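*Asks:*
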Amino acid sequence: MPHQKEEVLKSQASSSQQNQGTDIVKQTEKGAAGEDANLPLQSNESTRHDLEQRLLTYARRLQGASSDPERPSELRASDDPFSIQMPLNRTTSRMSIPVAVEVLAEVEKDASNVANNLVQLMATLRASLADVTHCSLEHLECHSEAARELHEAVTDAASSGNRFINECQRLDQEMRDVGELAAQIKAMRQLVDHFEGQLNRHLPSR
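Shown next as structure tokens:
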């Protein structure tokens with residue numbers, strides 16, 4: 001019998017706690033509705049559903065703790081349904097608006113700085129590309145001019161070489177004629193020497 005009485009008392013305590021939690025939730029919902037009637041209906045329904053779920057969990061844990069007195073309590077402050085943060089009313093939302101504006105201003109300022117840095121980077125890159133292109137064009141012009149001058153020098157050298165070869169061939173041809181003339185002069189000298197010898201033999205000596 002004492003055991004049955006203890007169970008009855010525990011069930012009555014848990015049911016009274018659940019009823020108190022439900023009443024507090026209803027009062028909280030009424031107060032929130034009175035403070036700000038413009039809150040979205042969907043947000044209130046989701047908040048109510050969340051509160052009901054938290055109340056059920058809290059009641060189950062209370063029931064488990066009361067059924068086993070030697071078991072350490074596992075309840076945390078975050079599990080307390082009355083510690084649930086209600087949706088922001090108009091006063092807190094007004095207080096958060098300047099903070100949001102300041103954050104947006106900082107974000108806009110940072111975005112502007114990033115955009116300016118990007119513009120400067122693109123301008124520097126464009127100037128560098130222009131300098132590189134100009135240097136490349138000058139290099140190509142110098143290379144073309146050097147190749148043209150080298151081609152002209154090679155052409156002149158080839159022409160001079162051809163003229164020198166032609167002169168050498170002409171001189172060789174003329175030297176052949178000179179060789180024939182030298183051979184003829186040599187033959188004539190031999191004849192003169194022979195004639196002089198015969199003449200000296202037949203003429204009386206004085």
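Quick note on numbering: the UniProt record's numbering labels position 2 of the sequence shown as 2, and the sequence is numbered without any gaps. Heads up, the beta-carbon is just placed ideally off N, CA and C, and yes, glycines get one too. Quick caveat: nothing in here was measured; it's all calculated off a predicted structure.
Report buried or exposed for residue 124, applying the criterion of at least 16 other Cβ atoms within 10 angstroms of its Cβ.
*Replies:* Exposed, since its Cβ has fewer than 16 Cβ neighbours within 10 Å.
*Asks:* Around the C-beta of residue 57, are 16 or more other C-beta atoms found within 10 angstroms, so that it is buried, or is it exposed?
*Replies:* It counts as exposed.
*Asks:* Identify whether residue 203 lies in helix, strand or coil by the three-state DSSP scheme.
*Replies:* Three-state DSSP puts residue 203 in coil, outside helix and strand.
*Asks:* Within 10 angstroms of its Cβ, does residue 54 collect 16 or more other Cβ (buried), or is it exposed?
*Replies:* By the neighbour-count rule (16 or more Cβ atoms within 10 Å), residue 54 is buried.
*Asks:* Given the structure, does residue 167 come close to the ligand PLP, in the sense that its CB is under 8 Å from one of the ligand's heavy atoms?
*Replies:* By its list of ligands, the structure shown contains no ligand whatsoever, and the ligand PLP lies outside what it can speak to.
*Asks:* Just the C-alpha distance for residue 49 and residue 102, rounded to the nearest angstrom, thanks.
*Replies:* In a straight line, the C-alpha of residue 49 is about 34 Å away from that of residue 102.
*Asks:* Buried or exposed for residue 196, please, with buried defined as at least 16 other CB atoms from any protein chain shown within 10 angstroms of its CB.
*Replies:* Classification of residue 196: exposed, given that the 10 Å Cβ count is below 16.
*Asks:* Once you ignore the five residues that flank residue 114 on each side, which residues in its own chain have a CB closer than 6 Å to its CB?
*Replies:* Cβ neighbours of residue 114 beyond the five flanking positions: none.
*Asks:* Please report the straight-line C-alpha distance between residue 153 and residue 133, rounded to a whole angstrom.
*Replies:* Going by the C-alpha atoms only, they are around 30 Å apart.
*Asks:* If you draw a straight line from the C-alpha of residue 192 to the C-alpha of residue 162, how long is it?
*Replies:* Looking at the two C-alpha atoms, the distance is approximately 45 Å.
*Asks:* Using only the alpha-carbon positions, how far apart do residue 85 and residue 104 sit?
*Replies:* Below a pLDDT of 50, predicted positions are generally treated as unreliable, and residue 85, at 46, falls in that range; no measurement from the model is reported.
*Asks:* Tell me the rounded alpha-carbon separation between residue 100 and residue 112.
*Replies:* Their Cα atoms are separated by approximately 18 Å.
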